[in-house]
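Below you'll find the structure, written out as structure tokens, and then a few comments.
In the working numbering, the protein residues as written are 4 to 126.
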């Protein structure tokens, strides 16, 4: 009886399985001689970066605020706190902007690229 009670109590305190935050197929690259650079990007209210690209691929996670985001050939969309985005190698990032005129946006970009290559270049 005590064993059944203990099993039931343990089952009640176990957190429920949560779905992944993000799932993305990656490009077919060998990561020999590659590095990852983690960059925290802060965009003040209404601010935007100029169109650019990355030679490798990028995984991003919105830490605060809302990020307007568009890659060439895709629709613009808005990512909110806790959401992730992906940029394939060489994609032109047309829009990267704070979606608010009153609140800043902050995101973490993990930029994967071959060692020695610049991680970002104008489009």
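Each residue gets a CB set at the ideal place from its N, CA and C atoms; glycine is no exception.
Secondary structure of residue 34, DSSP reduced to three states: If DSSP states are grouped into helix, strand and coil, residue 34 belongs with coil.
Cβ neighbour criterion (16 or more within 10 Å) applied to residue 52: exposed
message: With the cut-off set at 7 angstroms, would you say residue 107 and residue 68 are in Cβ contact?
response: If you check the CB distance, residue 107 and residue 68 come in under 7 angstroms.
query: Quick one: Cα of residue 120 to Cα of residue 18, how far?
result: A direct Cα-Cα distance of roughly 43 angstroms separates residue 120 from residue 18.
message: With distance defined between alpha-carbon atoms, name the residue in 74, 83 and 100 nearest to residue 49.
response: The shortest C-alpha to C-alpha distance from residue 49 to any of 74, 83 and 100 is the one to 100.
message: My assumption, with CB atoms under 8 angstroms, is that residue 87 sits in contact with residue 44. Please give the rounded CB distance.
response: About 14 angstroms separates the two Cβ atoms, so there is no contact after all.
Of the residues 95, 91 and 70, the one placed nearest residue 84, counting alpha carbons only: Its Cα nearest to that of residue 84, the residue 70 stands out among 95, 91 and 70.
- request: Can you tell me which of 79, 118 and 92 puts its alpha carbon nearest to the alpha carbon of residue 36?
  value: Considering only alpha carbons, the answer is 118.
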